[in-house]
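Below is one structure, written out as structure tokens; comments come after it.
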Amino acid sequence: MSDQGIKSKPTYGKIAGDKAARYQLLLVEGAEIPAEVLAEGVDPSAFETWTVAHASALPAAPMMDEAPGTVRPFRSASHMFSALEERLDRETMGLRFYAVGAEPFLWDAFNIASAAGLSQQEMQFAHVGPKARRIYCVHCRTLMDGVTTSIVTCTGCGAPLFVRDHFSKRLASYMGVQVDAEAPGEVPAAEELYK
Amino acid sequence: MTVQFKPAETFRDMFNFKKSPEDILRFPFPFPEDEYMYSVNIEPHVKGGPTAAFQAAFDIDEHYIAECRERERVLKEDPKRCQVLPHMATAEWDTLELIMESLASDYPEHFSLSKAGDVWTWVNRPLGIHQTFTFGKAETLPYGPFEYITRQVQGDFTLQDQRDDMLYVDGGMVTTQADWSFEFNIGMSFMEWHGPVPVAHEAGVFERALKYLMRLQYGQPVRRLNWTMTINPRLDTSPENYPVWGPDRTTVTPENVGDKVHLRVELQTLFRLPRSNAILFGIRCYLAPLNDLVKVPKWRRRLHRVLRGLRPELAEYKGMTRYRQTAVDYLAALDDGAPTSKGIAPEIDKLEG
């Protein structure tokens, strides 16, 4: 059950950096860069780093220098993403883009960077933090965050959904499919799998 | 012989669907041998072939009008079954040109295309369409060019962009699919959208197919057959509507198995497009109930042997677990054990019975 053998399930490595980069921007879903996400010999002072403080009283820092070694904190991931589009619009060829965090954070960042014209070869992702999943109900298109179980009830249409390993980067979500569609009421017990 | 269209057919609710004897004999039966396993099985998409379904670039049969109407209904219910990402605009016009030119050349009695510079006139007699438009100017058509033309052809279509040594599914018209979600898959790489298929990844099928397809040449389209089974002649077996059609799988009995269980075949075609360098992927769906297929002696023997020997993980993936044994039992009684010849041709000109 824990490995469904579906190849669209993303795999992750460490942030290795890129010596050929003109400039490197790292997003972290947390206040600090977790040491374990960096490949051996990678010095984070080579990156401009954006972090998430998860705190509302943070002063905005509009005059922050954009330079290797600077660290810019944001109140939340949403706060960070709201500034990211504008930041990437001003970038040119040679940027390398890295993100560290939980899965929905990584693929939200991926989608913003893709829309700004970066290709996947110009990005690196490291997965840390909770394994909880964002689920897309294939029947009614509701998105649900923080799903930790093999079966979850859709908050949109009420269907008991089996959480598949089939992953859409565009939706930053795994697919949920009604588990008792053929025989209504035949719902297996949910298992805690994604913590 | 001119095909008789059957506009009153339906692929849902009461399932008013019936194949003529000619339509049964032209079915693209998918099993060249008594055993089935995944393979790349790609061949040139040239006219001719083992049944009449292979005689045109885009096959039109007696279900044409009814299938176009079914597509219209699905799009009304769920407009996102047709989407094209913005960078694929050139591929949209490539598709329109390819389909219009092919239909006009293969079926001059039904379709015609005339061009005065960029001003084209398209006539579709079965659907009663007469449209003058400017090629390259989307505002001169009632829909985007890809949606416009794929509303007038049977079967699903996707558009593949080729970049970074990979194919991406960046557009499509998907209303008659075998249980895959276009809204979920749009934007995926070739490897990601085939992610759920069991066994074939380990066999290296997708690596080989991808390499082959990335070298696909303009003017040299290719094809392959794929198959599954569907209960009732239902075209829209999307995951979106799985709660609607899923219960059908519990309704198969020894008495109704021949009418209810349909072999669902996809004639998959791939065309390199000239301006965009994208690939148009056609997924043309054919349905036939077991009762029709058993009228061909070779097909009834072979279908029995294939289903009997199908690997359990493939049967599970194809959703056949609940009714497979009932279908095998029904076919077993009709298999006299005689050897079968290789290939898919029916090898008869008239049906039995």
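One line per chain: the protein sequences are A and B, in this order.
Once you know that position 151 of the first sequence is 151 in my numbering, the rest is easy, because the numbers rise by one and skip nothing.
Position in the second sequence (first residue = 1) + 195 = my numbering.
Note that beta-carbon positions come from the ideal geometry of N, C-alpha and C, so glycine has one too.
For the stretch 127-150 of chain A, list every residue whose C-beta sits within 8 Å of some C-beta in chain B, in sequence order. Tyr136, Val138, His139, Arg141
Nearest by alpha-carbon distance to Asp365(B): which of Ile237(B), Ala404(B), Phe352(B), Phe222(B) is it? Phe352(B)
Are Ile474(B) and Leu411(B) closer than 8 Å when you measure CB to CB? yes
Less than 8 Å between CB atoms is the rule here; does Pro434(B) satisfy it with respect to chain A? yes
Under 8 Å, Cβ to Cβ, is there at least one residue of chain A near His282(B)? no
Can you have a look at Gln199(B) and say buried or exposed, based on whether 16 or more other CB atoms are within 10 angstroms of its CB? exposed
For Ala77(A), I'd like the list of residues in its chain whose CB is within less than 8 Å of its CB, leaving aside the five on either flank, ordered along the chain. Glu29, Val52, Gly101, Phe105, Asp108
CB contact below 8 Å: Phe466(B) versus chain A: no
For Ile381(B), would you say it is in contact with chain A, using Cβ-to-Cβ distances shorter than 8 Å as the test? yes
Do we get a CB-CB distance below 8 Å when we pair Thr556(B) with the residues of chain A? What is shown of chain B runs 196 to 548, which leaves residue 556(B) out entirely.
Of all the CB atoms in chain B, is at least one closer than 8 Å to the CB of Val177(A)? yes
Under the rule that 16 or more other beta-carbon atoms within 10 Å means buried, what is Ala183(A), buried or exposed? exposed
Using beta-carbon positions only, say whether Leu322(B) and Gln349(B) come within less than 8 Å of one another. no
For the putative contact between Gly156(A) and Thr142(A), defined by C-beta atoms under 8 Å, what is the C-beta separation to the nearest angstrom? 3 Å
Determine, using beta carbons only, whether Glu85(A) comes closer than 8 Å to chain B. no
Contact criterion: CB-CB distance below 8 Å. Does Glu387(B) meet it with respect to chain A? yes
At a CB distance below 9 Å, what residues from the stretch 160-176 of chain A approach chain B? Give them in sequence order. Arg164, Asp165, His166, Phe167, Ser168, Lys169, Arg170, Leu171, Ser173, Met175
Pairs of beta-carbons, one from the stretch 424-444 of chain B and one from the stretch 372-385 of chain B, closer than 8 Å: are there three or more? yes
Does any residue of chain B have a CB that is nearer than 8 Å to the CB of Lys19(A)? no
Would you list, in sequence order, the uninterrupted beta strand (DSSP E) runs of no fewer than 3 residues that lie entirely inside the stretch 389-475 of chain B? 417-426, 456-467
Grab the span of the beta strand (DSSP E) containing Leu193(A) for me, first residue to last. That residue, Leu193(A), is in no beta strand (DSSP E); it is neither H nor E in DSSP.
Out of Arg519(B), Pro534(B), Gly514(B), Lys493(B), which one is the CA nearest neighbour of Pro541(B)? Lys493(B)
Since Ala261(B) contacts Arg221(B) with CB under 8 Å, what's their CB separation in whole angstroms? Not really, about 17 Å apart at Cβ, beyond 8 Å.
Specify, as a first and last residue, the run of the beta strand (DSSP E) that Met144(A) falls within. 143-147
Please list, in chain order, all residues of the same chain as Leu408(B) whose beta carbon is under 7 Å from its beta carbon, the five residues on each side excluded. Leu362, Leu465, Ile474
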